[in-house]
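One structure below.
In our numbering, the protein residues as written are 18 to 238.
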């Protein structure tokens, strides 16, 4: 099930949604052409749980800075493609509801919460976590609470056949959330060798879902 757009109009131009997508794409290009290679950048500017929790100094920047730099790094084309697709579909409506600067702050805080959620779940891990998925998960949690019945155009695969259906956001995002929780639970029985940071997704998602009401601008009477 792959969503690709929603039927939820906006009244503001999604300035920061587009800017964040552009910055992620630009950084990914830098990763591809950097003389040190992608491996160097991921280990230098990604979130390493062991460093984040013990304030280690094995990276060129302070660990707390990697909480933010890691949000703009990705490990591959599918990684960045999936994150930016979800941000494009759901981010514009959340930005429309929050306003531009409030949305940017919400996005960054969601990503920071996600980074610490992952680090706490794997406190001794020396493997860097990178990607916008924790911050995007916060956007998904916010969208789910704000627009649960918005229709999302989704690709459904039946073998070699593809069907486009319009599904309520609560189904699309709810299904995504269940997958994250189940895989997060299952991952705790496996020795950490890298892969998907499930608890970053869960942490960002729960933060967005539970706090978005507090971020909404107050309406004037």
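Where a beta carbon is used, it is the ideal one built from N, C-alpha and C, also for glycine.
Below 7 Å CB to CB, which residues in the same chain sit around residue 63 once its five sequence neighbours on both sides are set aside?
The answer, listed in chain order, is 83, 87, 90, 145, 146, 147.
Run through the DSSP bridge pairs and tell me what residue 185 is partnered with.
Looking at the DSSP assignment, residue 185 forms a beta bridge with 168.
Check each candidate in 188, 176, 172 and name the one with the smallest Cα separation from residue 182.
Residue 182 has its Cα closest to that of 172, out of 188, 176, 172.
What distance in whole Å lies between the Cβ atoms of residue 155 and residue 221, which are believed to be in contact at a cut-off of 8 Å?
Their Cβ separation, rounded to whole angstroms, is 4 Å, which keeps residue 221 and residue 155 in contact under 8 Å.
Please classify residue 64: does DSSP put it in a helix, a strand, or coil?
Three-state DSSP puts residue 64 in a strand.
Can you tell me which of 80, 74, 120 puts its alpha carbon nearest to the alpha carbon of residue 152?
Nearest option by C-alpha distance: 120.
Would you tell me roughly how many angstroms separate the C-alpha atoms of residue 17 and residue 25, rounded to the nearest one?
As displayed, the chain neither begins before 18 nor continues past 238, which places residue 17 out of reach and without an answer.
Can you tell me where the beta strand (DSSP E) holding residue 24 begins and where it ends?
No beta strand (DSSP E) holds residue 24; DSSP gives it neither H nor E.
According to the Cβ coordinates, are residue 105 and residue 34 closer than 8 Å?
Cβ distance < 8 Å, so residue 105 and residue 34 count as in contact.
Roughly how many angstroms lie between the CA atoms of residue 138 and residue 69, to the nearest whole one?
The straight-line gap from Cα to Cα measures roughly 12 Å.
Give me the Cα-Cα distance between residue 184 and residue 46, rounded to the nearest whole angstrom.
Each residue's alpha carbon lies about 34 Å from the other.
To the nearest angstrom, how far is the alpha carbon of residue 111 from that of residue 99?
Between residue 111 and residue 99, the C-alpha separation is close to 18 Å.
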